[in-house]
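Visitor: Residues 0 to 144 (numbering that gives the first Met the number 0) make up the sequence shown, in order. Positions of the beta carbon are idealized from the N, C-alpha and C atoms, including for glycine. Note that this is a predicted model, so its numbers are computed, not measured.
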Amino acid sequence: MSKREARKDGKQNPQSGHLDALVTAARTAREHAHAPFSNFRVGAAVRAKSGRIFSGCNVENATYSLTLCAERVAIFKAISEGERGFDAVAVVADTDTLTPPCGSCRQILWEFCGDAEVVLANLKGKIERYRMSDLLPKPFDQSFL
Ligand SMILES: [Zn+2]
0 MSKREARKDG
10 KQNPQSGHLD
20 ALVTAARTAR
30 EHAHAPFSNF
40 RVGAAVRAKS
50 GRIFSGCNVE
60 NATYSLTLCA
70 ERVAIFKAIS
80 EGERGFDAVA
90 VVADTDTLTP
100 PCGSCRQILW
110 EFCGDAEVVL
120 ANLKGKIERY
130 RMSDLLPKPF
140 DQSFL
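#1: In this structure, does DSSP put F36 in helix, strand or coil?
#2: Reducing DSSP to helix, strand and coil, say where D19 ends up.
#3: Which residues have their C-beta within less than 7 Å of a heavy atom of ligand 1, listed in chain order?
#4: Using CA atoms only, rank isn't needed, just tell me which of S54, K125 and Q106 is closest to R29.
#5: Once DSSP output is grouped into helix, strand and coil, what is the label at C56?
#6: Look up A47 in the DSSP assignment and say whether it is helix, strand or coil.
#7: If you pair each beta-carbon of the segment 42-58 with each one of the segment 16-27, do three or more pairs fall below 8 Å?
#8: Ends of the beta strand (DSSP E) at D140?
#9: Do you know how far the Cα of L65 is from the Cα of S37?
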């Protein structure tokens, strides 16, 4: 199986069925985004190896710099509830070109999820699949400490 399985026709890849719940959780979380400044609403979800799914939305702040991305909200929720070890992440935004995690989120996701599967999706059903190692090919982590 290829690492990347993007479909340009906007239809979901038939092999992505096991990720449907994750994408749905991210899409639902997106509806709760607090984005009054950018109006750029993002939802994310992480799947723990236990099977539990944790979702998050972006939460903006008037200072801008205190804004937190959906991916980090999702992973921090999971960590705060005692979960460790994750095998998949989904990110959903309303864009034609699918929205990947920002640099800060890639670092955080690598630290907690390692080389997990990353699913990018939009509201039209377009989906792309990556590995964290595709998005962050030479990560800094605890192995350097
Ligand atoms: Zn981010």
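Guide: Based on what the coordinates show:
#1: Against the sequence shown, residue 36 aligns to sequence position 37. Here F36 carries a coil assignment [DSSP, helix/strand/coil].
#2: On the sequence shown, position 20 is the one that residue 19 refers to. Helix, per DSSP.
#3: This criterion selects C68, E70, R71, P100, C101, S103 and C104.
#4: Along the sequence shown, one-based indexing puts residue 29 at 30. For the set S54, K125 and Q106, the Cα lying nearest the Cα of R29 is the one of S54.
#5: Sequence index remark: in the sequence shown, residue 56 carries index 57 (1-based). In this structure, C56 counts as strand in the three-state DSSP scheme.
#6: Counting from 1 along the sequence shown, the entry for residue 47 is found at position 48. Of the three classes helix, strand and coil, the one that applies to A47 here is strand, per DSSP.
#7: With a cut-off of 8 Å, the segment 16-27 and the segment 42-58 count as touching, because enough Cβ pairs lie within range.
#8: Along the sequence shown, read from residue 1 onward, the residue named residue 140 stands at position 141. Membership of D140 in any beta strand (DSSP E) is not indicated, and neither H nor E is assigned to it by DSSP.
#9: Residue numbering aside, residue 37 sits at position 38 when the sequence shown is read from its first letter. Residue numbering aside, residue 65 sits at position 66 when the sequence shown is read from its first letter. Per the coordinates, the alpha-carbon of S37 lies some 14 Å from the alpha-carbon of L65.
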